[in-house]
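So the protein lines, in turn, are chains A and B.
Those letters in the first sequence? Residues 1 to 240, by the numbering used here.
Those letters in the second sequence? Residues 1 to 223, by the numbering used here.
C-beta: ideal position from N, C-alpha, C; glycine also.
The structure under discussion appears below in the form of structure tokens.
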Amino acid sequence: MKLWRWIWLLVTLGVLANGFRVAMFVVPPDAQQGDVGRIFYYHVPSWAGMGLFFAINLVCSLVYLGVRNRNHELAMKADSLAVTSAEMGVVFCLIGLVTGSLWGRAVWGIWWTWDARLTSTLVLWLIYVAYLLLRRFAAGPQMRTLAAVMAIFGYLDVPLVYMSTRWWRTQHPAPVFGGAPGNGVAPSMMPAIWWNLAGWLMWGIFVASLRYVAEYRTQRAEQQEALKALDMEHVIEAGR
Amino acid sequence: MKAAYFLTHLAKDLRLEWRSKDAINSMLFFALLVVVLFSLAFDPTRAVSRQIAGGILCVATMFAAVSALNQAWARELRNQVLDALRMTPAPGASLFLGKALANFLFVTVVELVLAPVFVVFYNLQVIGNGWLLLLVLPLGTWALIVNGVFFAALSMRTRNRELLLPLILFPIFIPALLGMVMSASAILTGESDPVLWIKMLAAYDVIFTTACMMMFEVILHAE
Numbered sequence: 001m002k003l004w005r006w007i008w009l010l011v012t013l014g015v016l017a018n019g020f021r022v023a024m025f026v027v028p029p030d031a032q033q034g035d036v037g038r039i040f041y042y043h044v045p046s047w048a049g050m051g052l053f054f055a056i057n058l059v060c061s062l063v064y065l066g067v068r069n070r071n072h073e074l075a076m077k078a079d080s081l082a083v084t085s086a087e088m089g090v091v092f093c094l095i096g097l098v099t100g101s102l103w104g105r106a107v108w109g110i111w112w113t114w115d116a117r118l119t120s121t122l123v124l125w126l127i128y129v130a131y132l133l134l135r136r137f138a139a140g141p142q143m144r145t146l147a148a149v150m151a152i153f154g155y156l157d158v159p160l161v162y163m164s165t166r167w168w169r170t171q172h173p174a175p176v177f178g179g180a181p182g183n184g185v186a187p188s189m190m191p192a193i194w195w196n197l198a199g200w201l202m203w204g205i206f207v208a209s210l211r212y213v214a215e216y217r218t219q220r221a222e223q224q225e226a227l228k229a230l231d232m233e234h235v236i237e238a239g240r
Numbered sequence: 001m002k003a004a005y006f007l008t009h010l011a012k013d014l015r016l017e018w019r020s021k022d023a024i025n026s027m028l029f030f031a032l033l034v035v036v037l038f039s040l041a042f043d044p045t046r047a048v049s050r051q052i053a054g055g056i057l058c059v060a061t062m063f064a065a066v067s068a069l070n071q072a073w074a075r076e077l078r079n080q081v082l083d084a085l086r087m088t089p090a091p092g093a094s095l096f097l098g099k100a101l102a103n104f105l106f107v108t109v110v111e112l113v114l115a116p117v118f119v120v121f122y123n124l125q126v127i128g129n130g131w132l133l134l135l136v137l138p139l140g141t142w143a144l145i146v147n148g149v150f151f152a153a154l155s156m157r158t159r160n161r162e163l164l165l166p167l168i169l170f171p172i173f174i175p176a177l178l179g180m181v182m183s184a185s186a187i188l189t190g191e192s193d194p195v196l197w198i199k200m201l202a203a204y205d206v207i208f209t210t211a212c213m214m215m216f217e218v219i220l221h222a223e
């Protein structure tokens, strides 16, 4: 690992440790839910991470489709970042679903309910798992094009899923940030949110950078292998 | 896109189906089996059946359509027909539109045959505006077919393509399925207003038809 990555890791661990301290011991317990409400500080960063990584996935897929025939190097980078961000987004989404489920059990008394937000995030998770499955099943460079198209379709589907499940039914509280008046977060709770948000996003970026490098090197090695095979063919042709 | 091209593709697909009748026969029998299995598994009473019938009809059509969609492009792979199609000067979007329209007609025929069977098996009596079903069924079917034909083309050259198609189609199709089921049950029970859901279905159709037409060229020439 390069030096800057070690530094990034150390800073991330420090921020996460401080985030844990602030969330657990510094900020006051929730007015209605008591200490159970502290899971909020882990629930929200996972959604932020999911939003960030799925957005990166969309941008990279668009870039890939745009440059795949002109700039091979950039296309390979975009595709590596797309698969990395889809994987990270799926992980963050899963963490969000699990923490939400634990929280729901404590506060609502049920593990799961077919509410608008829960359903739409579950569907989102399913779409991106399907995206990753497609990447596994398809082979060769055409797979990258197909996957990029699939990513765009998945992203197009998100608002529709959200609107449809919203009309269907709703139990989850209205958006905490930018929601109805009187539904915000008390200023005393904000430090815990900021620390954990920063910490988990930094952690996500750290893991993603490792995964990205691994994926990029694999793709480059495959490409060099293919080029070498082509060269061999030329040599054999020349020998004849 | 010239109209003549997609009409040529459509005519070719219809002629193929007319001579073999593979897709329609297998879909019909499959959907019939699903309907029978559901009514045996749940044994619905009259009131309950009215609430769940819309959903069962949609799910039965969905499974049946997937079994046929898997074959929609496979028949082009034989004798390298697809490669020939890729070399023709016709735009990819017209090939897609012809294929989608043909499959839409097949599934519609299946639905029309199945609907009376359904009414008999489930003792249905429509309470709401029955004629709205004539709007809901084509909209929902088109939503299924337009994405299904697209993703069938997408998964055509992958390993396990028959397995992959439902895996990537169903998550994307969920909002349309919800719209179809909710509007169908709203019409059958007459308890709520289906207009909102019909609008959503229409929006879904417009968005995904546009996206499919724009992206199909990329899929067709993916190398």
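Residue range of the alpha helix (DSSP H) that includes residue i
i	result
B/MET27	22-42
B/PRO138	133-154
A/LEU3	3-21
A/GLY104	72-107
A/HIS43	40-67
B/ASP83	81-87
B/ASN103	92-121
A/PHE137	116-137
Beta-carbon spacing of residue i, residue j below 7 Å
i	j	result
B/GLY128	B/PHE216	no
A/TYR131	A/LEU58	no
B/ASN147	A/PHE137	no
B/LEU169	A/LEU133	no
A/ILE39	A/THR99	yes
B/ALA64	B/MET27	yes
A/SER61	A/ALA82	yes
B/LEU124	B/ALA184	no
A/ASP115	B/ILE172	no
B/PRO152	B/ALA72	At residue 152 of chain B the sequence reads Ala, which differs from the Pro that was named. In contact: B/ALA152 and B/ALA72 (Cβ atoms closer than 7 Å).
A/VAL107	A/GLN33	yes
B/ALA68	B/ALA23	yes
B/LEU57	B/VAL126	no
B/GLY140	B/MET180	yes
B/LEU101	B/LEU10	yes
Own chain, CB closer than 7 Å to residue i, minus 5 neighbours either side, in chain order
i	result
A/GLY182	Here the model assigns A/GLY182 a pLDDT of 48, short of 50, so the residue's position is not dependable, and the following value carries that caveat. Excluding residues within five positions, none has a Cβ falling inside 7 Å.
B/PHE6	SER94, LEU97 and GLY98
A/ASP35	PRO29
A/TYR212	SER80, LEU81 and THR84
A/ALA75	TYR64, VAL67 and ARG68
A/GLY89	MET50, PHE53, PHE54, ASN57 and TYR128
Cβ shell of residue i (< 6 Å), same chain only, five flanking positions each side left out
i	result
A/LEU198	Per the sequence presented here, residue 198 of chain A reads as Ala, with Leu not at that position. Hits under 6 Å: VAL15.
B/CYS212	VAL146 and PHE150
B/ALA186	SER192 and PRO194
A/GLY37	ASP30
A/ARG166	ALA116
B/TYR122	SER49 and ALA53
Cβ of residue i within 7 Å of any chain A Cβ
i	result
B/ARG86	no
B/ASN160	yes
B/VAL218	yes
B/TYR122	no
B/PRO194	no
B/LEU154	yes
B/PRO171	yes
B/ALA222	yes
Residue i in three-state terms, based on DSSP
i	result
B/ASP193	coil
A/ASP30	strand
B/ARG159	coil
B/THR8	helix
B/VAL126	coil
B/THR45	coil
B/ALA222	coil
A/ILE236	helix
A/GLY179	Since pLDDT at A/GLY179 reaches only 46, below the 50 mark, its modelled position is unreliable, and no value is offered.
A/ILE110	coil
Any C-beta of chain B under 7 Å from that of residue i
i	result
A/ILE7	no
A/THR121	no
A/GLY182	With a pLDDT of 48 at A/GLY182, under the threshold of 50, the predicted position of this residue should be treated as unreliable, though the coordinate-derived value follows. It does not; no Cβ of chain B falls within 7 Å.
A/ALA75	no
A/PHE137	yes
A/ALA130	yes
A/VAL149	yes
A/LEU118	no
A/GLN32	no
Contact set for residue i: own chain, Cβ-Cβ below 8 Å, skip 5 residues either direction
i	result
A/LEU146	LEU134 and ALA138
B/HIS221	ARG86 and GLY92
Beta carbons nearer than 9 Å to chain D: which residues of the segment 179-207 of chain B have them? Considering every chain present, this structure includes no chain D. Its protein chains are A and B.
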